[in-house]
Each structure stands twice: as C-alpha cells, then as structure tokens.
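Novice:
2 protein chains.
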Amino acid sequence: MNDSEEYQQRKQFYDQLLTIYGRKPVLEALQQPGIQIHRLHLADSNKSAAILDDIVAIAQRHNAEICYHSKQALSRISRNGKQDQGVAVDLVLGGYRAYEDFLKTAPNQYELLALDGITNPQNLGMILRTVAASGIAGVLLPKKGCAQIDPLVIKASAGALFRCPILRCDDLAAALQNFQAAGAKVCGLSSHARQSLGEFQALAPTIFVLGNETHGVSSAVQALADHNLRIPMANGVESLNVAITASLLAFRHQLTGA
Amino acid sequence: MNDSEEYQQRKQFYDQLLTIYGRKPVLEALQQPGIQIHRLHLADSNKSAAILDDIVAIAQRHNAEICYHSKQALSRISRNGKQDQGVAVDLVLGGYRAYEDFLKTAPNQYELLALDGITNPQNLGMILRTVAASGIAGVLLPKKGCAQIDPLVIKASAGALFRCPILRCDDLAAALQNFQAAGAKVCGLSSHARQSLGEFQALAPTIFVLGNETHGVSSAVQALADHNLRIPMANGVESLNVAITASLLAFRHQLTGA
Chain A
6 MNDSEEYQQR KQFYDQLLTI YGRKPVLEAL QQPGIQIHRL HLADSNKSAA
56 ILDDIVAIAQ RHNAEICYHS KQALSRISRN GKQDQGVAVD LVLGGYRAYE
106 DFLKTAPNQY ELLALDGITN PQNLGMILRT VAASGIAGVL LPKKGCAQID
156 PLVIKASAGA LFRCPILRCD DLAAALQNFQ AAGAKVCGLS SHARQSLGEF
206 QALAPTIFVL GNETHGVSSA VQALADHNLR IPMANGVESL NVAITASLLA
256 FRHQLTGA
Chain B
6 MNDSEEYQQR KQFYDQLLTI YGRKPVLEAL QQPGIQIHRL HLADSNKSAA
56 ILDDIVAIAQ RHNAEICYHS KQALSRISRN GKQDQGVAVD LVLGGYRAYE
106 DFLKTAPNQY ELLALDGITN PQNLGMILRT VAASGIAGVL LPKKGCAQID
156 PLVIKASAGA LFRCPILRCD DLAAALQNFQ AAGAKVCGLS SHARQSLGEF
206 QALAPTIFVL GNETHGVSSA VQALADHNLR IPMANGVESL NVAITASLLA
256 FRHQLTGA
C-alpha cells in the first residue's frame, strides 16, 4: 500500500468519527445500544467522580482505547473546552461521510432524503432510524440549520444511527446544487404542492427535501427545486409529522415492490 | 323523528365526547389547534385563578357552553373528583365511537389498525394523526393497556385527533374475536415474522395489530392472529418506531396506487 492509499484509508476512517463531549452527554451516548466507541478522552486533571467511573467502565467493556490528555489538549479534541467537563468520546458511525465522497462514486440511479431545518432531535433520530432500515442510499444532513447528532438523537434512533448512511454537508442549498450539476433532481415536499408523490416518477437520481417542522422547505432550497410534491391527505389533515413523511418516501419502493 | 331515532342520534353524539379534567390538562388541551369544545364544566366552589380565566376565555372564543356545578356534581362528570381541580371539559371527537357501531354498518372491505399496548403518548398521537391523514377506516384503541387520549396525545396528534376515526373497545383480544366472527382477518406485525408485508394480499377486511414499543404484540393477540407480517429492514436494523410502522401500513395503498 502506498502513502496515498494509506492516507485515503485513514481519512475515510476519521471521517466516520463523531465526537461527543460533556459528562452526561457522553454517558448517555455510551448507554445506547449499538454504540461503537473509537476512543475515550479524559483530562488528566479530572477529580474522581462516580459518573467518570461509569463512563470508563463502559469504554472498558467495549475494549475502547482510553487516552489521558492535558486540559488544553482535550479542549482541542472536544473543540469546546468550556463545556467538555474533561470528557470526550469518538464514536464510529459506519455510514457517516462527506457528501462529496458519495458523489465521486455515486451509482447511476439513487434516492436520498435531505433535511432542511429539522430542529427536533426526536424527529432527526426517528428519520435516521427509518433511513437506515429502508435501505435507501442515505440522508443529506447539513451542519447549518438542523439538529446535530447528540445523545437525544442517538436515543431516538434506537442505535440505528450507527448503521445509517449519513452524508454530511455544510450548507444544504450549496450541496444540492452540486448534486444537480451531477445530474440529480431535487424534489421539495410540501402539503401545498400540486403534484402528488404517486404521480412522480424518478427518472434520474432524486433527492427528496424535508423542510422544517413549522415553516417547511426554506426559500433558498425552494428556489432551486426541480419538483414540488405532496403526499395526499384525507379528513382535512394539513400535514404529517416529518419523520412519517420521511418513512413514506424511504419505504415507498419496498411497499410498491418497484 | 320518533323517540328511538332521537335517542340514537343523541347516543351517537354523546359517544363522540371525550372528557378531560384538571386545570393544566384542560388548558393545554384547549390550546391545541382544531379543538372542538362541547361544554366546559366548573365547580362553583372554585376560587378565582389566572389559569381558570384563561380556560374560560378560550371556551368563550369557541362559543362553548359553560356550566357551573357543585363539587360533587362535577366529580360525577370528571369521574375523578380527587384530581379534577374543579375543571372538566367535554371535547367533541368527530370520529370517536364504539367499535360495535362500526361493525354494524361495516363495508365489505376495509382496513384498520389496532393498538396493542402502545404506552407512549407521543407515539399514540402520531399514530392518530397519521391514521386521520391516510384515510383508512380507523384505529381500534382499547381502554386496557394503551395510553389514553390526554393533552400530550392531543398535542402529538397536532389536532388531527379530532378528525381521526377512533374505534373504542375495552379489551383488544375480545374485540378482535368479534371482528373475526364478522369475517375480518387479524395480522400481527412483528420483526420476527416470516411473511413480509409486500407478500400479503388483503382478501378480506383486515386488522393490522401494532404491539408494544418494547415487547411487541401481546400473547393473547398473538394466539388469535391469522397472519404474522414483517416489514423488511436493511442494514441490520431490528425494528421501526411503531408510529412509522403505522404510517407504512396506513399509507401503503396511496403509495402503491392500489
């Protein structure tokens, strides 16, 4: 293996890591099923505490490496020295990577969900669980405007987060434009759209965008959408929970057998 | 209209009423969108309080009848004098009725969901919202073993509860046997089942039973199920959130166009 290949493999591995910090958040994350721990990081200035013993015990059960650092070095790992409380953990998320990596080797046809302002951690966790179970290509999760992966999200995902193909991006609209440049179509979901999901046929790679729980798809994304789709609703109901909408999109091929 | 018809109409109306009691629960329920208030009941012994003023103001905005009672009479309405705090409200649930009523006039073909030990109010609310939006015939909600409709459930349903066809029963297994006697088939959902949902064809009225969030379908219901079905899952995910499963069942005909 040459240096460049080794570098790529290491980059790929480190890209899958998610760092969580703070005593309670770390303990709660480690208590979830399906967790994969790379390294536990502790400040060597920590005084002994029951919660730290619990955290170390779980890390040991998982045979995770435990590293001690100066307070300053730890704050470079947590990137939040004010709130890390002397503890951080690197979790391995099997399907976590930059969307650019996905695009480089994307198949001819695929479907993704994209999250545009999903701020409720329960909803995010349920969506990640559903996407993992559905087998679709993944979910595009921007750093801006969405809830980020934290212990609440891990809990709501029932551990499925560790198996979910999550494509990271910074800004959703910019990422969607790159997907469009590569031939993908962007579909915004909206209860006001004229076209129903059942009428839509995906003839190209397709990204379904789910908008904020209250305000829907953002205007920046709306402006670049190729289609707007609605899920028909009975009894005058105005909208579905966003995680429910996500599940109908992600599982529609299994249900239709298409 | 003869006496018997009048009695039937009145019975039908009163069957749709759901009584909620306690100051905070009543206020929270009344603050939800889509709420329909029949009567607000107050104890004439209540001392003035800001929360009561808020409750009365909402009832007035809805042109609801406001009735004053002795403490004792109010406790007969709330059926819980110890916790009603001098307040109860009758809400009108448009689709709320006894399952026996549904069976009397049931169409030749229909699909229902049945809830077997759904204890999380968030899940119950999401299921009721989804069922209302899907247009399927209804959801069978037993008094025993499930979360009951309370302000948390109303909130999680985003008000759709007031439009959801909810069929009340006491004991689920007994009700399912009555449905079976009337020609319906009972399908338990389980991630361990051999048959997948996509392989199942509903040739008779069908009731899909959703089990407890942790323990699944109860043994009493399992014993009488005609089919056991699973939803195929990718990436080694073991289960879906029960409200997600409910949505896939309720919406599968819209998605398939069948």
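Top line first, the protein sequences correspond to chains A and B. Each residue of the first sequence is one higher than the one before, counting from 6 in the working numbering. Each residue of the second sequence is one higher than the one before, counting from 6 in the working numbering. Note that CB positions come from ideal geometry on N, CA and C, so glycine has one too.
How many angstroms separate the CA atom of A230/A from the CA atom of D176/A?
Specialist: Residue numbering aside, residue 230/A sits at position 225 when the first sequence is read from its first letter. Residue numbering aside, residue 176/A sits at position 171 when the first sequence is read from its first letter. Going by C-alpha positions, A230/A is about 15 Å away from D176/A.
Novice: Alpha carbon to alpha carbon, what distance is there between Q90/B and G150/A?
Specialist: The residue given as residue 150/A occupies position 145 in the first sequence. The residue given as residue 90/B occupies position 85 in the second sequence. Cα to Cα, G150/A sits roughly 42 Å from Q90/B.
Novice: Quick check: the Cα distance between Q259/A and S139/A, rounded to an integer number of angstroms?
Specialist: The count along the first sequence starts at 1 and reaches residue 259/A at position 254. The count along the first sequence starts at 1 and reaches residue 139/A at position 134. Each residue's alpha carbon lies about 8 Å from the other.
Novice: Please name the residue or residues paired with E218/A in a DSSP beta bridge.
Specialist: By one-based count along the first sequence, residue 218/A stands at place 213. In the DSSP output, where bridge partners are listed per residue, E218/A has none listed.
Novice: Can a CB atom of chain B be found closer than 8 Å to the CB of Q13/A?
Specialist: Indexing the first sequence from 1 puts residue 13/A at position 8. By this cut-off, Q13/A is not an interface position.
Novice: Would you verify that the beta carbon of T273/A is, or is not, closer than 8 Å to some beta carbon of chain B?
Specialist: Here chain A covers residues 6 to 263 and nothing more, so residue 273/A does not appear.
Novice: Taking a cut of 8 Å between CB atoms, which residues from the segment 135–152 of chain B lie near chain A?
Specialist: T135, A137, A138, S139 and G140
Novice: Tell me which residues of the segment 198–215 of chain A have at least one Cβ-Cβ distance to chain B shorter than 8 Å, keeping chain order.
Specialist: L202 and G203
Novice: When the Cα of V226/A is compared with those of G122/A, L96/A and E218/A, which residue comes out closest?
Specialist: On the first sequence, position 221 is the one that residue 226/A refers to. Comparing Cα positions, the closest option is G122/A.
Novice: Please report the Cβ distance between I2/B and A69/B, rounded to the nearest whole angstrom; I am assuming they are in contact, meaning their Cβ atoms lie under 8 Å.
Specialist: The displayed coordinates of chain B run from 6 to 263. Any statement about residue 2/B would go beyond what the structure contains.
Novice: Closer than 7 Å by beta-carbon distance: list the chain A residues that pair up with G241/B, in chain order.
Specialist: Residue mapping note: residue 241/B aligns to position 236 of the second sequence, counting from 1. Against chain A, a Cβ distance below 7 Å from G241/B picks out R168.
Novice: Taking just the CA atoms, how far does A152/B sit from A263/A?
Specialist: Here residue 263/A refers to the residue found at position 258 when the first sequence is read from its first residue. Here residue 152/B refers to the residue found at position 147 when the second sequence is read from its first residue. With a pLDDT of 42 at A263/A, under the threshold of 50, the modelled position of that residue is not reliable, and no figure is offered here.
Novice: Apart from the five residues just before and just after L172/B, which ones in its own chain have a Cβ nearer than 6 Å to its Cβ?
Specialist: For the purposes of this step, residue 172/B is taken as the residue at position 167 of the second sequence. Cβ neighbours of L172/B beyond the five flanking positions: Y104, F107, G143 and L145.
Novice: Should the segment 83–98 of chain B be called in touch with the segment 198–212 of chain B, which here means at least 3 C-beta pairs below 8 Å?
Specialist: no
Novice: Compare the Cα-Cα distances from K109/B to each of F184/B, R66/B, L47/B and I40/B and report the closest residue.
Specialist: As a first step, residue 109/B is located in the second sequence; it is residue number 104 there, counting from the start. Closest by C-alpha distance to K109/B, out of F184/B, R66/B, L47/B and I40/B, is F184/B.
Novice: Let me confirm a value: R4/A is counted as buried when at least 16 other C-beta atoms fall within 10 Å, else exposed. Which label applies?
Specialist: One cannot answer for residue 4/A here, as it falls past the ends of chain A, which runs 6 to 263.
Novice: Just by C-beta distance, which residues in the segment 226–239 of chain B are closer than 7 Å to chain A?
Specialist: P237, M238 and A239
Novice: Compare the C-beta of F256/B with all C-beta atoms of chain A and state if any pair is closer than 8 Å.
Specialist: Here residue 256/B corresponds to residue number 251 of the second sequence, with the count starting at 1. Yes, because at least one Cβ of chain A sits closer than 8 Å to the Cβ of F256/B.
Novice: Check the Cβ of L245/B against every Cβ in chain A and list those closer than 8 Å, keeping chain order.
Specialist: To locate residue 245/B, count along the second sequence from 1; it is residue 240. Chain A residues near L245/B: R134, T135, A138 and S252.
Novice: Classify A263/A as helix, strand or coil using the three-state DSSP reduction.
Specialist: The count along the first sequence starts at 1 and reaches residue 263/A at position 258. Only weak support is given to the placement of A263/A: the predicted model assigns it a pLDDT of 42, under 50, and the value that follows is read from those uncertain coordinates. Note: A263/A maps to coil in three-state DSSP.
Novice: Just tell me which of L79/B, A255/B and L22/B has its CA closest to the CA of H46/B.
Specialist: The residue you call residue 46/B lines up with position 41 of the second sequence. The option with the nearest alpha carbon to H46/B is L79/B.
Novice: Who are the Cβ neighbours of T135/B in its own chain at under 6 Å, not counting the five residues just before and after it?
Specialist: Your numbering for residue 135/B matches position 130 in the second sequence. Same-chain partners within the cutoff: A251, S252 and A255.
Novice: Beta carbon of L194/A, beta carbon of G216/A: below 8 Å?
Specialist: The count along the first sequence starts at 1 and reaches residue 194/A at position 189. The count along the first sequence starts at 1 and reaches residue 216/A at position 211. By the CB criterion at 8 Å, L194/A and G216/A fall inside the cutoff.
Novice: Tell me which residue opens and which closes the alpha helix (DSSP H) that Y104/A is part of.
Specialist: Start at 1 with the first residue of the first sequence, and residue 104/A comes out as number 99. Segment Y104 to K109, the alpha helix (DSSP H) holding Y104/A.
Novice: In chain order, what residues of the segment 96–120 of chain A put their CB closer than 7 Å to some CB of chain B?
Specialist: Residues: none.
Novice: Give the DSSP-derived three-state secondary structure of K52/A in the structure shown.
Specialist: Numbered from its first residue, the first sequence carries residue 52/A at position 47. Three-state DSSP puts K52/A in coil, outside helix and strand.
Novice: My understanding is that A163/B touches P30/B, with C-beta atoms under 8 Å, so please give their C-beta distance in whole angstroms.
Specialist: The sequence position of residue 163/B within the second sequence is 158, counting from 1. The sequence position of residue 30/B within the second sequence is 25, counting from 1. So it is not a contact: roughly 18 Å between Cβ atoms.
Novice: Could you tell me the distance, in whole angstroms, from the CA atom of Q88/A to the CA atom of Q41/B?
Specialist: Against the first sequence, residue 88/A aligns to sequence position 83. Against the second sequence, residue 41/B aligns to sequence position 36. Q88/A and Q41/B have their C-alpha atoms some 46 Å from each other.
Novice: Drop a sphere of 10 angstroms on the beta-carbon of Y73/B, count the other beta-carbons inside from all chains shown, and report buried for 16 or more, exposed for fewer.
Specialist: Reading the second sequence from its first residue, position 68 is the one you call residue 73/B. The C-beta of Y73/B has fewer than 16 other C-beta atoms within 10 Å across all chains shown, which makes the residue exposed.
Novice: Identify, in the order they occur along the chain, each residue of the same chain with its Cβ nearer than 7 Å to the Cβ of N85/A, setting aside the five sequence neighbours on each side.
Specialist: Counting from one through the first sequence, the residue named residue 85/A turns up at place 80. Y26.
Novice: For R235/B, report the span of its alpha helix (DSSP H) as first-last.
Specialist: For this step, residue 235/B is matched to residue 230 along the second sequence. Residue range H232 to R235 is occupied by the beta strand (DSSP E) that includes R235/B, with no alpha helix (DSSP H) assigned at that position.
Novice: Using the C-alpha atoms, what's the distance from H232/A back to L22/B?
Specialist: Locating residue 22/B in the second sequence gives position 17, where the first residue counts as 1. Locating residue 232/A in the first sequence gives position 227, where the first residue counts as 1. L22/B and H232/A have their C-alpha atoms roughly 42 Å apart.
Novice: Give the residues of chain A in contact with Q259/B, contact being defined as C-beta atoms less than 7 Å apart.
Specialist: Position 254 of the second sequence, counted from the first residue, corresponds to residue 259/B. Within chain A, the residues near Q259/B are G203 and P237.
Novice: Let me see if you follow: with CB-CB separation under 8 Å, is A165/A close to chain B or not?
Specialist: The sequence position of residue 165/A within the first sequence is 160, counting from 1. By the rule that beta-carbons nearer than 8 Å mark a contact, A165/A touches chain B.
Novice: So, for L166/A: in the same chain, excluding its five sequence neighbours on each side, which residues have a beta-carbon less than 6 Å away from its beta-carbon?
Specialist: In the first sequence, the residue the question calls residue 166/A occupies position 161. Excluding residues within five positions, the ones whose Cβ falls inside 6 Å are L133 and I159.
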